[in-house]
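J.: Read in order, the letters of the sequence shown are residues 1 to 234 in our numbering.
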Amino acid sequence: MYKRILLKLSGESLMGEQQYGIDENRLNEYAAQIDEISKLGVQIGIVIGGGNIFRGLKGTERGFDRVKGDQMGMLATVINSLALQSAIESRGVKCKVLTAIRMEPIAEFFSKHRAIEALESGNVVIFSGGTGCPYFTTDTGSALRGIEIEADVMFKGTRVDGIYDSDPEKNSNAKKFDTITYDEIYSKGLKIMDLTATALCKENRLPIVVFNMDTAGNLKKVVLGENIGTKVTN
Ligand code: UDP
C-alpha cells in the first residue's frame, strides 16, 4: 500500500450531471471514497481543479484579462476545496485546507512544514489555489505539491479508466496501457496533462496513476496497488 499520496480531481468532474457548479451527490461520493482510504491509514493530499466554475482561458475568450481570469480560476479551486472539506469533515474525518495565496481566515497559507505536520497527525490535506500563479494549471499545482510533500505517487482521478493509444469514445479498437513511460507519452503525443505538469513529474520522478474515480471503490483499489488504471513512470 502507498504511504502518502496526492490525489488530483478535476473541477469539471464535480459537476456530476449538471452543466455548472457543484453536484452534492458527486461531492459526497468522492468524500466517501476518500473516507474509505483514510481508514486504511494512508496519508492523503488532494488538489482539486476549478473548471466547473471558471477557467482563465475561457475568460479571455469573453474579454477578461488573462491574469485576472486565472486568478478567478484559482479562487474557483478554493471554493471547490472548501466544499470537499465540508463533505469530508461531515463524515468525521479531519480535513485541512491550505491555500497557495494568503486568505486567512478562510484557510491557512501553504507551507511544506504545515502540510506534512497536518498529514502526519491524520488530516486529509487539500491544497487549494493551484500554484498561486497565473498561466499554470491545477495539474501543475498537483505535481508541485506532490513533489513538495514527497508523495509516493500522484493519482489522477478522471472519467476514463486509464490512458489509451487513441480516444476510446471514438475508436472501438483503442488500446489501453497498463504502464507507460513519460518518454512514450511525449513520443506518442498523448495528452494526459499539460506539458509543464508532465515535465515536473518526469524531472522529479513522481509516478502518476490515471484511473476512473467515478466508480465507487476504485480509489481504494489503486491505493492498495491494484492495476486498474494506467501507471506512468520514468
Ligand atoms: N489556475 C491558475 N494557476 C494555477 C492553477 C489554476 O491560474 O496554478 C487557474 C486557470 O485559470 C485554470 C483555472 O484556475 O483555468 C482552473 O484550474 P484547472 O483548469 O486546472 O481546473 P480543472 O480543469 O482541473 O477543473
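Ideal placement from N, C-alpha and C gives every residue a C-beta, glycine not left out.
CB G130 to CB M74, shorter than 8 Å?
T.: Yes, these two residues count as a Cβ contact at 8 Å.
J.: Would you mind reading off the limits of the alpha helix (DSSP H) that contains C201?
T.: 195-203 is the extent of the alpha helix (DSSP H) around C201.
J.: In chain order, which continuous runs of the alpha helix (DSSP H) of length 4 or greater are located wholly inside the segment 32-66?
T.: Counting only runs of 4 or more, we get 56-61.
J.: For the ligand UDP, is there a heavy atom less than 7 Å away from the beta-carbon of S10?
T.: Yes, the Cβ of S10 comes within 7 Å of a heavy atom of the ligand UDP.
J.: Going by the beta-carbon positions, is the gap between N227 and T181 smaller than 8 Å?
T.: No, these two residues do not count as a Cβ contact at 8 Å.
J.: Nearest-angstrom Cα distance between P168 and P105?
T.: Going by the C-alpha atoms only, they are around 45 Å apart.
J.: Is it true that the CB of A107 sits closer than 8 Å to the CB of L119?
T.: It is not a contact, given that the beta carbons lie outside the stated cut-off.
J.: Determine whether the beta carbon atoms of Q33 and R4 lie at a separation below 8 Å.
T.: No, Cβ-Cβ distance for Q33 and R4 is not below 8 Å.
J.: Whose CA, out of I185, E17, Y2, M1, lies closest to the CA of R159?
T.: Among I185, E17, Y2, M1, the Cα nearest to that of R159 belongs to E17.
J.: Taking a contact to mean a Cβ-Cβ separation below 8 Å, would you say L144 touches L200 in this structure?
T.: Their beta carbons are under 8 Å apart, which means L144 touches L200 by this criterion.
J.: Mapping DSSP to helix, strand and coil, what is Y135?
T.: Residue state, collapsed to three classes: coil.
J.: What residue range is occupied by the uninterrupted alpha helix (DSSP H) comprising I126?
T.: Not the alpha helix (DSSP H): I126 falls in the beta strand (DSSP E), residues 124-128.
J.: Counting pairs of beta carbons, one from the segment 214-233 and one from the segment 26-41, are three or more of them closer than 8 Å?
T.: Contact between the segment 214-233 and the segment 26-41 is present, because at least three Cβ pairs lie under 8 Å.
J.: With a Cβ-Cβ cutoff of 8 Å, do I88 and I116 count as a contact?
T.: Not in contact: I88 and I116 (Cβ atoms no closer than 8 Å).
J.: If we ignore side chains and look at the alpha-carbon of each, how far apart do N80 and K176 end up?
T.: One C-alpha to the other measures close to 31 Å.
J.: Below 7 Å, is the gap between the Cβ of M154 and the nearest heavy atom of the ligand UDP?
T.: No, the Cβ of M154 stays beyond 7 Å of every heavy atom of the ligand UDP.
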